[in-house]
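Peer 1: Chains as they are written, first to last, in the working numbering: chain Y, 1 to 536; chain D, 537 to 852.
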């Protein structure tokens, strides 16, 4: 019998089969990531190229941002800043530091640990796929997606009249940055039990890399060289190009990825090196109540976004004095970072508060997205099968999520106020700084309203909320710098707040934002009470 | 059939997760062409054994051979000869049933498209629906169609009918019988005894990570008791002190003698003789069901070793 079986054995499926499966099961997410990221990068580059269309303007910009070290901490130290490419690299400095690593992390986490924790990996490995192949295929597909993103970006830069070699090196450096984090996420996916853990661990490393690069670019130069973000910066695509620097992230990414593949071949499927122990046998009285369970559900994400807010405000606040020094030495700096007119300190606080508002809005959307996950994974049905009403369930979550937002905004604003006061040696502004943070609450809640309306009306389309968030963030960060039309700027809820404390807040606008938020939330509540559960 | 011909040969298998000992010296032998029932209560180690057999997990100790090779080292090539249905069927919510079949099929040795089409029809599956819109039973059907359509030599089914309605269970059993007639081997893990009874040639029962008993269904039945219900004209003689007889109730009803008792399989023949002498009117002999076997094995609050001894005694 065995002999007959030997003959019948068909050719072995290749790694290509597995890569095909990864592509087939994740292509939608990959396409959205690649096209969205490439389009926004190319669009911004074109916008910057349109604004800085003469050597004189570029020179003024370069003068402004190199005065003092505060901007270098945020956007990085750009070599060859006195060129169109340099300006683009500087403008991108902050966003690219997070978006490209996130590209790598997101592509890998979704196609490795998430598949494993759902049990789908077991189905695949029941076939003729070797244990190491899913991780390797995920890396191959992610690398291909990163290469396409880089190629599109390089093309876009070239079309915006950036020199070809600089465009290619810069795009390659950003791609290599995404690759390092893809490799690191792949390694983490072998060690932790949930995809969530892959995100958390990778983002902690990313934050550390950002801080290392920031400190390195301002004070201790060698620290930049140990940060993956520094590796990208040190290729100096628009200065004295160092092509060999590309080898560092590539080697690191291959090392991480290789370790991941090696581990995948050797460990039990479904196992994790780092995992929680056992817990209590019963739930506390608080956790048995809807609000207690909701609080437990949202706590990890709240802590994560709070950490992001504290990191941002703490860093910005402690650099306040350096900003002021730089701005007093060069009036054009204010324009370069979107602060014009008024007191420089107010302008600086206003920019930071806008960043914080984007963090708060992101938290809200993610938290409401968990409700969608509760429904899609069948837990909502169990919850509502008892005496708990739909309205009470949603209200408990709404209350907890709003409280989480207040904690994030209040704590981060307080940290910003105190660190700024410490930096400039003057505590007079504390009240104004905190008030500016609270002024953004209605605008942030508009995102919560949008998310709950989508959750109520069309839960499957929840991704739209994230798309709206991305557009609004893009407009809020880069819109004024790119001199977008007023109607376009008005699309972002944060525009209507009025840029406190630099400009006076219009109470009417805040009330209107709050009304919109409330109306959208009500739509969500009513629709949720009327619709089928679960709605797939 | 010699040991080396076995499709699955597991000896003294152990597996520990930290301090937890999930498998503690498990033995399992499955011969070519048989449907082997793999029985045990929840948490006995059935799924862990199957995962080790598939090379998804690594054995802590003992010996595991699949088609005479080490499943941990040669997982991918061995999987060309088998098809697997996981206990917890997980598929991609965004893909349709048909797309999932293709994705799984791409990982299998070879898929018989004709059989796949007929299976889809027999299981009344709509391959254009997305997985997230399927009920649990329909998701299970996707996994079963994928496995049964594969041109495999071995089917490994981990609780394959959970979520199926009785009609679909019938269809599934029919399909498995057909595949067995094609000569393939089946390892059927289950705690649904009727299903194992309907399909299995041989059975292994495990408990707390150990094999408690193994053998053909006929063997196992031989060690348990048949229940007999006889209506005779005269009262049968010598029932009270007959060997191997128990639970005897004898009463007169409508001029006949109505007798019920249970008896060891080996003493059945002698007892039928006595009933015959009393002139049988009607006679029903019910062979021991697997339920009785299972309940007897687990009903007694003994640990695995004691159960083994009890069974050994019973065998004697």
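Where a beta carbon is used, it is the ideal one built from N, C-alpha and C, also for glycine.
Quick caveat, the model's predicted, so the values are computed rather than measured.
What are the partner residues of residue 553 of chain D, as DSSP defines its beta bridges?
Peer 2: D:556
Peer 1: If you reduce the DSSP assignment to three classes, tell me which class residue 87 of chain Y lands in.
Peer 2: Judged by DSSP in its simplified three-state form, residue 87 of chain Y adopts helix.
Peer 1: Return the Cβ separation of residue 514 of chain Y and residue 445 of chain Y in integer angstroms, given the expectation that the two are a contact with Cβ distance under 8 Å.
Peer 2: 7 Å
Peer 1: Tell me, please, whether the CB atom of residue 21 of chain Y is closer than 8 Å to any CB atom in chain D?
Peer 2: yes
Peer 1: Nearest to residue 524 of chain Y by CA position, among Y:495, Y:468 and Y:457, is which residue?
Peer 2: Comparing Cα positions, the closest option is Y:457.
Peer 1: Note down, in chain order, all residues in the segment 114 to 127 of chain Y with a beta-carbon under 7 Å from any beta-carbon belonging to chain D.
Peer 2: Considering only beta carbons, the part of the segment 114 to 127 of chain Y lying closer than 7 Å to chain D consists of 118, 119, 120, 122, 123, 124, 125, 126 and 127, in chain order.
Peer 1: Please report the distance separating the alpha-carbon of residue 841 of chain D from that of residue 561 of chain D.
Peer 2: In this prediction, residue 841 of chain D scores a pLDDT of 47, lower than 50, which makes its location untrustworthy; the coordinate-derived value is nonetheless stated afterwards. The straight-line gap from Cα to Cα measures roughly 11 Å.
Peer 1: Report all residues from its chain with a CB closer than 7 Å to the CB of residue 583 of chain D; omit the five preceding and five following residues, and keep chain order.
Peer 2: 623 and 694
Peer 1: Distance, Cα to Cα, residue 180 of chain Y vs residue 256 of chain Y?
Peer 2: 8 Å
Peer 1: List, from N- to C-terminal side, the alpha helix (DSSP H) runs of 4 residues or more that fit wholly inside the segment 718 to 782 of chain D.
Peer 2: Within the segment 718 to 782 of chain D, the alpha helix (DSSP H) runs of at least 4 residues that lie entirely inside it are, in chain order, 729 to 735 and 753 to 758.
Peer 1: Can you tell me where the alpha helix (DSSP H) holding residue 620 of chain D begins and where it ends?
Peer 2: Counting along the chain, residue 620 of chain D falls outside any alpha helix (DSSP H), though it belongs to the beta strand (DSSP E) covering 618 to 621.
Peer 1: Using a C-beta cutoff of 8 Å, does residue 130 of chain Y count as contacting chain D?
Peer 2: Interface with chain D (8 Å Cβ-Cβ cutoff): residue 130 of chain Y is included.
Peer 1: Which residue's Cα is closest to the Cα of residue 235 of chain Y: Y:64, Y:86 and Y:424?
Peer 2: Y:86
Peer 1: So residue 649 of chain D is in the alpha helix (DSSP H); what residue range does that whole segment cover?
Peer 2: 649 to 658
Peer 1: Is residue 812 of chain D helix, strand or coil when you go by DSSP?
Peer 2: helix
Peer 1: For the segment 387 to 441 of chain Y, list the alpha helix (DSSP H) runs that are entirely contained and at least 4 residues long, ordered along the chain.
Peer 2: The segment 387 to 441 of chain Y contains these whole alpha helix (DSSP H) runs: 390 to 424 and 430 to 439.
Peer 1: Under 8 Å Cβ-Cβ, which residues of chain D neighbour residue 25 of chain Y?
Peer 2: 628, 630, 631 and 639
Peer 1: Counting only beta-carbon atoms, is residue 613 of chain D nearer than 8 Å to chain Y?
Peer 2: Closer than 8 Å to some Cβ of chain Y, the Cβ of residue 613 of chain D qualifies, so yes.
Peer 1: Given this structure, state the Cα-to-Cα distance separating residue 659 of chain D from residue 633 of chain D, to the nearest angstrom.
Peer 2: Straight-line Cα distance between these residues: approximately 12 Å.
Peer 1: Got a sec, what are the start and stop residues for the beta strand (DSSP E) residue 241 of chain Y sits in?
Peer 2: From DSSP, residue 241 of chain Y is part of no beta strand (DSSP E); its letter is neither H nor E.
Peer 1: Going along chain Y, which residues have a C-beta under 7 Å from residue 794 of chain D?
Peer 2: Those do not exist, as residue 794 of chain D stays about 50 Å from chain Y at its closest Cβ, beyond 7 Å.
Peer 1: Just tell me which of Y:102, Y:75, Y:301 and Y:140 has its CA closest to the CA of residue 212 of chain Y.
Peer 2: Cα-wise, what sits closest to residue 212 of chain Y is Y:75.
Peer 1: Evaluate residue 812 of chain D with the Cβ neighbour count: other Cβ atoms within 10 Å of its Cβ, from every protein chain shown; 16 or more gives buried, anything less gives exposed.
Peer 2: By the 10 Å Cβ count, residue 812 of chain D comes out exposed.
Peer 1: Report the rounded CA-to-CA distance for residue 549 of chain D versus residue 684 of chain D, giving the unit in angstroms.
Peer 2: 28 Å
Peer 1: Does any residue of chain Y have a CB that is nearer than 8 Å to the CB of residue 594 of chain D?
Peer 2: yes
Peer 1: By how many angstroms is the C-alpha of residue 140 of chain Y removed from the C-alpha of residue 78 of chain Y?
Peer 2: 31 Å
Peer 1: Between residue 539 of chain D and chain Y, is there a C-beta pair that is closer than 8 Å?
Peer 2: Residue placement at residue 539 of chain D is flagged as unreliable, the pLDDT there being 47, under the threshold of 50; the coordinate-derived value follows with that caveat. Answer no: the Cβ-Cβ gap between residue 539 of chain D and chain Y never drops below 8 Å.
Peer 1: Assign residue 592 of chain D to one of three DSSP states: helix, strand, or coil.
Peer 2: coil
Peer 1: Taking 8 Å as the threshold, find out whether the segment 415 to 425 of chain Y comes into contact with the segment 302 to 321 of chain Y through three or more Cβ pairs.
Peer 2: yes
Peer 1: What does residue 17 of chain Y touch in chain D if you count any residue whose Cβ is under 9 Å from its own?
Peer 2: 642 and 643
Peer 1: Is residue 561 of chain D helix, strand or coil when you go by DSSP?
Peer 2: strand
Peer 1: Quick check: residue 311 of chain Y and residue 207 of chain Y, are their CB atoms within less than 8 Å of each other?
Peer 2: yes
Peer 1: Residue 269 of chain Y touches chain D at which residues, Cβ-Cβ below 8 Å?
Peer 2: 587, 592 and 593
Peer 1: Go ahead and pull the three-state DSSP assignment for residue 29 of chain Y.
Peer 2: helix
Peer 1: If we define contact as Cβ-Cβ less than 8 Å, is residue 853 of chain D a contact residue for chain Y?
Peer 2: Outside the modelled stretch of chain D, which goes from 537 to 852, sits residue 853 of chain D, for which no answer is possible.
Peer 1: Using the Cα positions of residue 14 of chain Y and residue 169 of chain Y, report the straight-line distance between them to the nearest angstrom.
Peer 2: Rounded to whole angstroms, residue 14 of chain Y to residue 169 of chain Y spans 33 Å at the Cα level.
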